[in-house]
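If you're matching them up, the sequences are chains A and B in order. Take the first sequence: its letter number 211 is residue 193 in the working numbering, and every next letter is one higher. Take the second sequence: its letter number 170 is residue 152 in the working numbering, and every next letter is one higher. The C-beta atom is built at its ideal place from N, Cα and C for all residues, glycine as well. None of these values were measured; they are calculated from a predicted model. Encoded as structure tokens, the structure appears first; notes follow it.
There are 2 protein chains.
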Amino acid sequence: MSSISKETLQRLPAYLRHLKELQKQGVENVASKAIAKVFNYTSVQVRKDFASISEEAGKPKTGFSVNRLVKDIAEFLGYNNINEAVLVGVGNLGHALLSYSGFKDYGLDIVGAFDINPNIKLVHGHKIYNLSKLESFIKRFNILIGIIAVPKDSAQDICDLMIGAGIKAIWNFSPCNLVIPENIAIINEDMASSLALLSQRLSKILKKEKNQ
Amino acid sequence: MSSISKETLQRLPAYLRHLKELQKQGVENVASKAIAKVFNYTSVQVRKDFASISEEAGKPKTGFSVNRLVKDIAEFLGYNNINEAVLVGVGNLGHALLSYSGFKDYGLDIVGAFDINPNIKLVHGHKIYNLSKLESFIKRFNILIGIIAVPKDSAQDICDLMIGAGIKAIWNFSPCNLVIPENIAIINEDMASSLALLSQRLSKILKKEKNQ
DNA sequence: ATAATATCGATAATCGAATATCGATAAAAA
DNA sequence: TTTTTATCGATATTCGATTATCGATATTAT
């Protein structure tokens, strides 16, 4: 069935952002070519991406309905049915995550935040619970998503604790490789990996400029 | 020449982390199969990745020298010659980035932090400059990397300012699509994109469990 | 009404990355 | 010393994603 490619899936949120911007500007229709230009893709790719998530076809000479695309992408990404998540680790990064108001737009709601340090009480409207409450909280509210923002040395312990309590998907912000069973989803937010890519591209650009 | 694939490049930092861990444990040699198991790759992939960045071959029955791999990967990723960067936006996310001590290990040094709000003075040992100083700072110290951690509405302005001053690579943490000329490198740290992937994997897992 | 044009969808071709295969070889066991 | 075994590198294959091509069609212009 709806077997969408990983690559397409990852482009969708960016499309959506852009399309919402167009919507705000009152644009009603948009050609794949115009969108392709913004993102530096080919128009074929944009059309294929759209085709894989929307029933509505684009019209020759007119393009795609912006409203319809916004609706279909948001629907596909599940931005309408909110997922609840717990966050563990309310250090600098945890603070940043808790203060980010955009998650709800992406269908994510951090309903519980935990830290081993009981001094912290309230961060951006989120009450901070002691780590000892994590397990029962996850079980009681049947939470499926866990966000890890603790120092790397405790990340694996927190991960195990989460999985033991019933968490099925982990969003890991700690710079470490977590070992997990195979029926658990994980995304590592790996800054080192991004940075490697950026550095390489920078080198290429500098080399190019030199040779000109 | 050394045309390494994007995918390989992005796996390297994780390998390095793991290999350093092995090094700490006193492990001298490691088989590609053992590493593959940790990351859920095939051993062939691990070997190909290593082959693309190291001259040293692995030995049958023994595997690869951990020390040598650590040396070669770190060298390849440029973790020895540090890149200097400026950061703009010292809100919650900016705080988190400034407080992260790991960047230097990845060859990145945030040498200047800027904010439009002149009340902030010092964050984790970094003096915060007024945004008005950004351009001259970049020019004076010949900074090539700019980190954007401002609200999305001002991100494009900051981006333009950076590029105008000579920045060649942008690490964007704002949830928006920046428009840039083609001789500039950019990486978008797009949480919505990661989240989309995580949600999809979670759905798949839940569906699987239901059908069992 | 007819012709020109922009855009589409579907199919085919290309490209790049992951995986499988297999002969070679270093170390360990017999 | 000979055999077995774990592991490797190189090559071939498969797979998945991107890009190119082309005929069809809605709109606009003549």
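Kindly list the residues whose CB is nearer than 6 angstroms to the CB of residue i, restricted to its own chain and excluding five residues on each side of it in sequence; keep chain order.
i	result
B/F58	I35
A/I125	E66 and V68
A/F96	V70, Y111, L113 and L116
B/I(-14)	S34
A/D135	none
Can you tell me where the beta strand (DSSP E) holding residue i begins and where it ends?
i	result
B/F96	L90 to D97
B/A109	The sequence as given places Lys at residue 109 of chain B; Ala does not occur at that position. Where B/K109 is concerned, the enclosing beta strand (DSSP E) stretches over H108 to N112.
A/I17	Where A/I17 is concerned, there is no enclosing beta strand (DSSP E), although the alpha helix (DSSP H) it sits in stretches over S14 to F21.
A/A151	A151 to N154
A/I129	I127 to I130
By how many angstroms is the C-alpha of residue j removed from the C-alpha of residue i?
i	j	result
B/I145	B/K15	45 angstroms
B/N63	A/R29	42 angstroms
A/I(-5)	A/K(-12)	In the sequence on display, residue -5 of chain A carries Pro and not Ile. If I take the Cα positions, the gap works out to 12 angstroms.
B/A174	B/A18	29 angstroms
A/V105	B/T(-10)	39 angstroms
B/N11	A/Q5	57 angstroms
A/I55	A/A13	16 angstroms
B/N22	A/Q7	46 angstroms
A/K190	B/A131	28 angstroms
A/D172	B/K41	31 angstroms
A/P133	B/K86	17 angstroms
A/P163	B/Q27	21 angstroms
B/C141	B/N154	9 angstroms
A/L143	A/T44	53 angstroms
A/I129	B/E37	39 angstroms
B/V9	A/S176	28 angstroms
A/D139	B/D139	42 angstroms
Quick one, are the C-beta atoms of residue i and residue j less than 9 angstroms apart?
i	j	result
B/K150	A/I187	yes
A/H0	B/N193	no
B/D31	B/Y(-3)	yes
A/A178	A/S156	no
B/G73	A/S81	yes
A/I127	A/I98	no
A/H77	B/A39	no
B/V161	A/V20	yes
Starting from residue i, follow the alpha helix (DSSP H) in both directions and report where the run begins and ends.
i	result
B/I169	Here B/I169 belongs to no alpha helix (DSSP H); instead the beta strand (DSSP E) covers A167 to N170.
B/A39	Unbroken run through B/A39: none, as it is neither H nor E.
A/E66	It is not in any alpha helix (DSSP H) - A/E66 instead sits in the beta strand (DSSP E) that spans N65 to V70.
B/N62	Per DSSP, B/N62 belongs to no alpha helix (DSSP H) and is neither H nor E.
A/G146	K134 to A147
A/I120	L116 to F123
A/V85	Just to set this straight, residue 85 of chain A is Phe in the shown sequence, not Val. Per DSSP, A/F85 belongs to no alpha helix (DSSP H) and is neither H nor E.
B/G76	N74 to S81
A/T(-10)	K(-12) to K6
A/L184	M173 to K192
B/S25	S25 to A33
Suppose the cutoff is 8 angstroms on Cβ atoms and the five residues either side in sequence are ignored; what does the same chain contact list for residue i look like?
i	result
A/K2	V52
A/G148	I120, K121, N124, I125 and L126
For the ligand MN, I want to know if residue i counts as a neighbour, meaning its beta carbon is within less than 8 angstroms of at least one of the ligand's heavy atoms.
i	result
B/N11	The ligand content of the structure shown is nil, which means the ligand MN is not present either.
I'd like the list of long-range same chain contacts for residue i, defined as Cβ closer than 7 angstroms, with 5 residues on each side in sequence excluded.
i	result
B/S25	S14, K15 and A18
A/M(-17)	Here the model assigns A/M(-17) a pLDDT of 40, short of 50, so the residue's position is not dependable, and the following value carries that caveat. Here the set comprises nothing.
B/R(-7)	D31
B/P100	N112
B/L75	A131 and F155
- Message: Can you confirm whether the stretch 104 to 115 of chain B touches the stretch 35 to 53 of chain B when touching is taken to mean that 3 or more C-beta pairs between the two stretches lie within less than 8 angstroms?
- Response: No, they do not touch.
- Message: Does the contact criterion of 3 or more C-beta pairs under 8 angstroms hold for the stretch 154 to 167 of chain A versus the stretch 171 to 191 of chain B?
- Response: Counting Cβ pairs under 8 angstroms, three or more are found: they touch.
- Any 3 or more C-beta pairs closer than 8 angstroms across the stretch 116 to 124 of chain A and the stretch 83 to 92 of chain A: By the C-beta criterion, the stretch 116 to 124 of chain A is judged not to be in contact with the stretch 83 to 92 of chain A, since fewer than 3 inter-stretch pairs fall below 8 angstroms.
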